[in-house]
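Comments concern the structure below.
Protein chains: 2
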Amino acid sequence: MSVGIRHDDLRRRNRAMVISAVRRASQPSRTEIAATTGLSHSTISTISSDLIAEGILAEAKGFEPAAMKRGRPQVALALEPRAASIVAVVLSLNSLSAAVIDYAGNTMAEDTRRLVTQRMPAEALVSECIAMIRRLIDGADTSAGPVLRIAIAVQGITDSGSRKLLWSPITRHDDIPFADRLEQEFGVPVTVENDCNMIAEALRWRDPLRYRDDFIAILLSHGIGMGLVIKGELFTGTQSSGAEFGHMIHRPDGALCRCGRRGCIEAYAGNYAIWRNARLGDENAEPLADLSDDDITALADAARDHDGPEREAFRKAGEAIGFGLGSMFALFDPAPLAFVGVGATAFDLMEPHVLSAIAKTAGGLHSKAISFDTEPNEVPLKREGAMMRALLHVDQEIFAAGPASRQPATDVA
Amino acid sequence: MSVGIRHDDLRRRNRAMVISAVRRASQPSRTEIAATTGLSHSTISTISSDLIAEGILAEAKGFEPAAMKRGRPQVALALEPRAASIVAVVLSLNSLSAAVIDYAGNTMAEDTRRLVTQRMPAEALVSECIAMIRRLIDGADTSAGPVLRIAIAVQGITDSGSRKLLWSPITRHDDIPFADRLEQEFGVPVTVENDCNMIAEALRWRDPLRYRDDFIAILLSHGIGMGLVIKGELFTGTQSSGAEFGHMIHRPDGALCRCGRRGCIEAYAGNYAIWRNARLGDENAEPLADLSDDDITALADAARDHDGPEREAFRKAGEAIGFGLGSMFALFDPAPLAFVGVGATAFDLMEPHVLSAIAKTAGGLHSKAISFDTEPNEVPLKREGAMMRALLHVDQEIFAAGPASRQPATDVA
DNA sequence: CACTATTTTTTCGAGGCTCGAAAAAAAGAG
DNA sequence: CTCTTTTTTTCGAGCCTCGAAAAAATAGTG
Chain A
507 MSVGIRHDDL RRRNRAMVIS AVRRASQPSR TEIAATTGLS HSTISTISSD LIAEGILAEA
567 KGFEPAAMKR GRPQVALALE PRAASIVAVV LSLNSLSAAV IDYAGNTMAE DTRRLVTQRM
627 PAEALVSECI AMIRRLIDGA DTSAGPVLRI AIAVQGITDS GSRKLLWSPI TRHDDIPFAD
687 RLEQEFGVPV TVENDCNMIA EALRWRDPLR YRDDFIAILL SHGIGMGLVI KGELFTGTQS
747 SGAEFGHMIH RPDGALCRCG RRGCIEAYAG NYAIWRNARL GDENAEPLAD LSDDDITALA
807 DAARDHDGPE REAFRKAGEA IGFGLGSMFA LFDPAPLAFV GVGATAFDLM EPHVLSAIAK
867 TAGGLHSKAI SFDTEPNEVP LKREGAMMRA LLHVDQEIFA AGPASRQPAT DVA
Chain B
507 MSVGIRHDDL RRRNRAMVIS AVRRASQPSR TEIAATTGLS HSTISTISSD LIAEGILAEA
567 KGFEPAAMKR GRPQVALALE PRAASIVAVV LSLNSLSAAV IDYAGNTMAE DTRRLVTQRM
627 PAEALVSECI AMIRRLIDGA DTSAGPVLRI AIAVQGITDS GSRKLLWSPI TRHDDIPFAD
687 RLEQEFGVPV TVENDCNMIA EALRWRDPLR YRDDFIAILL SHGIGMGLVI KGELFTGTQS
747 SGAEFGHMIH RPDGALCRCG RRGCIEAYAG NYAIWRNARL GDENAEPLAD LSDDDITALA
807 DAARDHDGPE REAFRKAGEA IGFGLGSMFA LFDPAPLAFV GVGATAFDLM EPHVLSAIAK
867 TAGGLHSKAI SFDTEPNEVP LKREGAMMRA LLHVDQEIFA AGPASRQPAT DVA
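Going line by line, the protein sequences match chains A and B. Following the working numbering, the numbering of the first sequence begins with 507 at its first residue and continues without gaps. Following the working numbering, the numbering of the second sequence begins with 507 at its first residue and continues without gaps.
This is the structure we're talking about:
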């Protein structure tokens, strides 16, 4: 059962609250923080001066555009960029990229390179990550704070503790212990997270009004991924990263999926499935290993131009997604949707069929709550999500705890 | 955003913790409570003596079987039955039942009667509830504490605030404001909750070892209902009671469902669907309004006796449930299952097909985590669930708050 | 039966935390 | 230059939890 609240947890939580308020709002004053957190002015004053003394926050200077009011002007608080830094890594099919980011979210250094992930041994994937991170850290500006956390966004299924990559389409190997290996190497907490979950996290920060408590991010690419936020929290499985929308069953014993099973949504709506339906007309044909973005845009152009197998393939894809969403909506009610990735550029071809399929399901009941949005470029989203994930961990788990529990002793300073 | 923690919240939470520990364990001592909550002995001592003084807890006497130890014997703490009472109501198709229950969970008075719910106006449903509760309260033993909460378990979809019955198979009417009407009548907080959610809540208390953080209760009756506990919390929709498993889509544009749509799981696995497949062999036939339990057991007996349409109907039902579960497991990983209701007596006929369908889905990966359990009688579970729901509200929201916020003033005692 | 060992529960003072009120600080308005 | 307004800090009061010590209550032991 959940444990009782100790006296020191109180401070910890309220510190976390203040840090979170500063990260969320752009440079709020103490008064604004008091308003959003519901804590008293005196408490905010005490906590924020502690945080400033510890080098976590700083008073933002050289900026008063919206002043022009009577009374003592508000002092804006900001995150101190040099308080820490984190590393955000994105590992996708045939591509690895990483960035060192300061505590305020500014990118200090970044790098990207192509790999043939599907042919590499598991250990090589890990060591490529390590090597890239090592280069970035060594080369980074020394003014940045110490690296306190590393987050890796990766296509595939991770365990619920975000420590291992259980399965991924980018490699033949299972159970790759990324977190353990990188922690051993860098001596810093590491998490491996599902890329679509990171996309959802990023959307929340990009557009907090639209994507707040309940929304769904769907990645339309070679496969179909999903990041799900329900009641303000990222929804994960009990044992894995979960939300494997692409492998919900659309038609029992239906089309052959890349995962070896039959009838998965992905087997109708993944890029390989659309291509297969359009070009081969055989939904049992062995899925292709990879497809270029151009292949998909070519199919979409053909489908827009004239009726034919291409248009029909996109219809089937939209239908599979729509019925799948309808089934999900039966479980937790409809929510706003964001379609991300190359496939999103062809979403105009699928949208009517998605809608008409949803209308045939229980989700059609409250379909007002559904809105669509598309974002073709998933890579920056994955990186932003991993970044936010890492920064929030630093906020909530390291800096909120206070100086006593972070360092052995502050006496001999 | 979530609000900061005030100083008095701390006491409130720790009081809640202690009450919860006493309700969970059977008559724990102060030492045991300290161990399970992680709070210090002195804190537990202070809080528990407050609670005893307020008449919420009591020292349990006349019981020391497991003593025989050296040292000062432990004093068992128990809930004081007269601290409060609650009313648990179960409203199902053609049946209404209610019970007055004391704070320790003992039934003080109960009543059940048959109604023709489908032909009654919405207002009549409400007033029948009111009348039955009024009779029970007036007739109840005066030694019971005041009624502090009423919980209604009802078949159908409620809003996420548990105030209205949005839709239900037991009536033609929508949006029945049970909570508002009953609160107005009795001046006590009221909630209306989905019956399957209450079944899940009850299972958790009946067998906390098996049904703890993650499990699924499926009600197999005329329709198919589900109560879902994920990560220790009842899973509800964002706008409704959610978890409408029966209306996830099994086969797009498939069999005609009672809800008017096509291909829902219920249209294959609900009692009416099994009967229709077995007797009419036409999955598009208009669903029957009601079926007796005997009709279903007769079908099951026939299916066990010889191959034929009955057996095939149960196969289809099992398959629909299995594929549906597989799709759900893609979202949040497999969990233990409890099948409840008349249909559970025929579960032996479905189980192999459920399993083989799950094996064809992503859920088949970790199928070790799946276990089945059946419980034919759903009525007591619904009542227990509603009871626990109401009692927990009293625990957490009324008694945890302390006497100051409950009464105007304790000065002139 | 008195005494000891042992375990549970209560008491008490110390240390933290938040809060409200009042004071201090820092501007614009007149 | 003084007054008004708003923000921020300071200070004492009131709670809360904790650890240590004391008190309470019982089973063993000779």
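The beta-carbon is built from N, C-alpha and C at its ideal position, and this holds for glycine as well. Bear in mind that the values here come from a model prediction, so they are computed numbers and not experimental data.
Against proline 758/B, the close residues of chain A are His756, Arg757, Glu825, Phe829, Ala863 and Lys866, in the order they occur along the chain (beta-carbon pairs closer than 8 angstroms). In summary, no residue of the stretch 657–669 of chain A has a CB separated from any CB of chain B by less than 7 angstroms. Secondary-structure assignment with DSSP links arginine 655/B through a beta bridge to Ile592/B. Counting C-beta pairs closer than 8 angstroms gives fewer than three between the stretch 627–638 of chain A and the stretch 713–723 of chain A, which falls short of the contact rule. Proximity of chain A to threonine 744/B at the Cβ level (cut-off 9 angstroms) is accounted for by Asp719, Asp720, Ile736, Lys737, Phe838, Asp839, Pro840, Ala841 and Ala875, in chain order.
With a cutoff of 8 angstroms on beta-carbon distance, phenylalanine 820/B and leucine 843/B are scored as not near each other.
Threonine 537/B and threonine 549/B have their C-alpha atoms some 11 angstroms from each other. For valine 696/B, the uninterrupted beta strand (DSSP E) run begins and ends at 696–700, by DSSP. Closest option to histidine 728/B, judged by alpha-carbon separation, among Arg767/B, Asp801/B, Glu707/B and Pro886/B: Asp801/B. When the Cα atoms are used, threonine 880/A and isoleucine 722/A turn out to be separated by approximately 12 angstroms. Using a CB distance below 7 angstroms, no part of the stretch 774–785 of chain B faces chain A. Annotation: isoleucine 722/A is outside any alpha helix (DSSP H); the continuous beta strand (DSSP E) that includes it extends over 721–726. Annotation: the stretch 811–892 of chain A contains the following complete segments of the alpha helix (DSSP H) (minimum length 4 residues), in chain order: 815–838 and 853–865.
Contact annotation: phenylalanine 741/A and glycine 748/A have beta-carbon atoms nearer than 8 angstroms. Cβ-Cβ distances below 6 angstroms link isoleucine 876/B to Pro840 in the same chain, with the five nearest sequence neighbours on each side left out; the list follows chain order. Counted as a single uninterrupted DSSP element, the stretch harbouring serine 603/A is not any alpha helix (DSSP H) but the beta strand (DSSP E) occupying residues 601–608. For aspartate 608/A, the closest alpha carbon among the candidates Ser601/A, Glu616/A and Leu602/A is that of Glu616/A. Residues Pro695 and Val696 of the same chain have their beta carbon placed closer than 8 angstroms to that of glutamate 689/A, with the five preceding and five following residues left out of the count. Exposure of valine 622/A is indicated by the presence of fewer than 16 other C-beta atoms within 10 angstroms of its C-beta.
Glycine 544/B has its alpha-carbon roughly 12 angstroms from the corresponding atom of histidine 513/A. About 4 angstroms separates the Cβ atoms of alanine 582/B and alanine 566/B, confirming a contact at the 8 angstroms cut-off. Residue Lys670/A holds the alpha-carbon nearest to the alpha-carbon of glutamate 629/A among Ala522/A, Val593/A and Lys670/A.
The beta carbons of asparagine 790/B and alanine 826/B sit no closer together than 8 angstroms. Beyond the five residues adjoining it in sequence on each side, isoleucine 682/B comes within less than 7 angstroms, by CB distance, of Ala628, Leu631, Val632, Lys670 and Leu671 in the same chain, given in chain order. The beta-carbon separation of isoleucine 676/B and leucine 599/B, rounded to 5 angstroms, stays under the 8 angstroms limit for a contact. Within the DSSP secondary-structure output, arginine 619/A pairs in a beta bridge with Leu602/A. The beta carbon of glycine 869/B sits closer than 7 angstroms to the beta carbons of Leu831, Gly832, Phe835, Ala836 and Pro840 from its chain, once the five residues preceding and following it are set aside; these are given in chain order. Spatial neighbours of methionine 523/B in its own chain (CB-CB distance under 6 angstroms, excluding positions within 5 residues in sequence) are listed in chain order as Thr543.
Ranking Leu805/A, Gly814/A and Met614/A by CA distance to the CA of glycine 645/A puts Met614/A first. For methionine 638/B, the enclosing alpha helix (DSSP H) covers residues 628–645. Taken through DSSP and simplified to helix, strand or coil, threonine 664/B comes out as strand. Burial check for aspartate 901/B: the Cβ neighbour count within 10 Å reaches 16 or more, so the residue is buried. Under the Cβ criterion of 8 angstroms, glutamate 691/A is not counted among the residues facing chain B.
When C-alpha distances from alanine 590/A are compared across Asn612/A, Ile780/A and Phe845/A, the shortest belongs to Asn612/A.
In terms of beta-carbon proximity, leucine 516/B lines the interface with chain A, with at least one pair separated by less than 8 angstroms. Rounded to the nearest angstrom, the Cβ distance from leucine 726/B to glycine 849/B is 2 angstroms, consistent with a contact under 8 angstroms.
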